[in-house]
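Chemist: Residue numbers (my numbering): 3 to 189.
The beta carbon of each residue, even a glycine, is placed where N, CA and C say it ideally should be.
In this text, all values refer to a predicted model and were calculated from it rather than measured experimentally.
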């Protein structure tokens, strides 16, 4: 984020270097919001990764305390632009639970992500990395994660990974190959 382009040039260079050495490798990048800079986002899109992931992280109500430097609407706009720009690029996002969000708020985020065109969703348990981070409010049950997974699938997500140990990179290859790839990249 401290680079003028938010690191977009580096993302692009790495994607292109990987593609030049092996066209069969599937590439997923986890990007920032580039502070809303459309040119930086377009630089990454133009490099042609298979999946662009930008995590929404939490519900809008918790953004001021959990993600004060970010904006919920801006994150949705990143995903919308990815989804509309190039049909062959899948968009992906994730949310971490246990910060005090309600079930209704989580469902609204899942719906917002789908409306933005997001294809793949990860839902995991928040665990504070240190005492200086946001505190854990609750552990989410495996049953509740399953409810969110079923809801996300019912509204059209092509791939969903939802569980206490899920992170945005969780089983990324499996989710891409077994769920998302056949639906968006027919043979």
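Could you check where the beta strand (DSSP E) with residue 161 kicks off and where it finishes?
Modeler: Looking at the DSSP string, the run of the beta strand (DSSP E) that includes residue 161 is 161-164.
Chemist: Is it true that the CB of residue 83 sits closer than 8 Å to the CB of residue 43?
Modeler: Yes.
Chemist: If you run the structure through DSSP and keep just helix, strand and coil, what is residue 59?
Modeler: Here residue 59 sits in strand by DSSP.
Chemist: Could you check the C-alpha separation between residue 28 and residue 57 for me, to the nearest Å?
Modeler: Residue 28 and residue 57: Cα-Cα distance of roughly 19 Å.
Chemist: Work out the CA separation of residue 101 and residue 76 for me, nearest whole Å.
Modeler: Distance between the alpha carbons of residue 76 and residue 101: 21 Å.
Chemist: Secondary structure at residue 82, three-state DSSP: helix, strand or coil?
Modeler: If DSSP states are grouped into helix, strand and coil, residue 82 belongs with the helices.
Chemist: Does the pairing of the segment 30-37 with the segment 46-61 give three or more beta-carbon distances under 8 Å?
Modeler: Yes, the segment 30-37 touches the segment 46-61.
Chemist: Thinking C-alpha only, which one of 138, 19, 150, 5 is nearest residue 67?
Modeler: For the residues 138, 19, 150, 5, the minimum Cα distance to residue 67 belongs to 138.
Chemist: As a quick exercise: from 78, 98, 162, pick the residue whose alpha carbon is nearest that of residue 131.
Modeler: If we check each option's Cα against that of residue 131, 98 comes out closest.
Chemist: Leaving out five residues on either side along the sequence, give the residues of the same chain with a beta carbon under 8 Å from the beta carbon of residue 63.
Modeler: Here the set comprises 103, 107.
Chemist: Contact defined as beta carbons within less than 8 Å: I believe residue 149 pairs with residue 166. What is the distance between those atoms, to the nearest angstrom?
Modeler: Not really, about 13 Å apart at Cβ, beyond 8 Å.
Chemist: What are the start and end residues of each continuous beta strand (DSSP E) run of 3 or more residues lying completely inside the segment 78-133, in chain order?
Modeler: Whole beta strand (DSSP E) segments, 3+ residues: 92-99, 122-127.
Chemist: Using the DSSP secondary-structure output, state which residues sit across from residue 53 in a beta bridge.
Modeler: The partner list for residue 53 (beta bridge, DSSP) reads 30, 92.
Chemist: Cα separation between residue 91 and residue 15?
Modeler: Distance between the alpha carbons of residue 91 and residue 15: 17 Å.
Chemist: Does the Cβ of residue 78 have 16 or more other Cβ atoms within 10 Å, making it buried, or fewer, making it exposed?
Modeler: Its Cβ being crowded by 16 or more others within 10 Å, residue 78 is buried.
Chemist: So, with DSSP's three-state summary, where would you put residue 18?
Modeler: In the structure shown, residue 18 sits in a helix (DSSP, three-state: H, G or I).
Chemist: Secondary structure at residue 12, three-state DSSP: helix, strand or coil?
Modeler: Three-state result, residue 12: helix.
Chemist: Is it buried or exposed for residue 17, if we count other Cβ within 10 angstroms and need 16 for buried?
Modeler: Classification of residue 17: buried, given that the 10 Å Cβ count is 16 or more.
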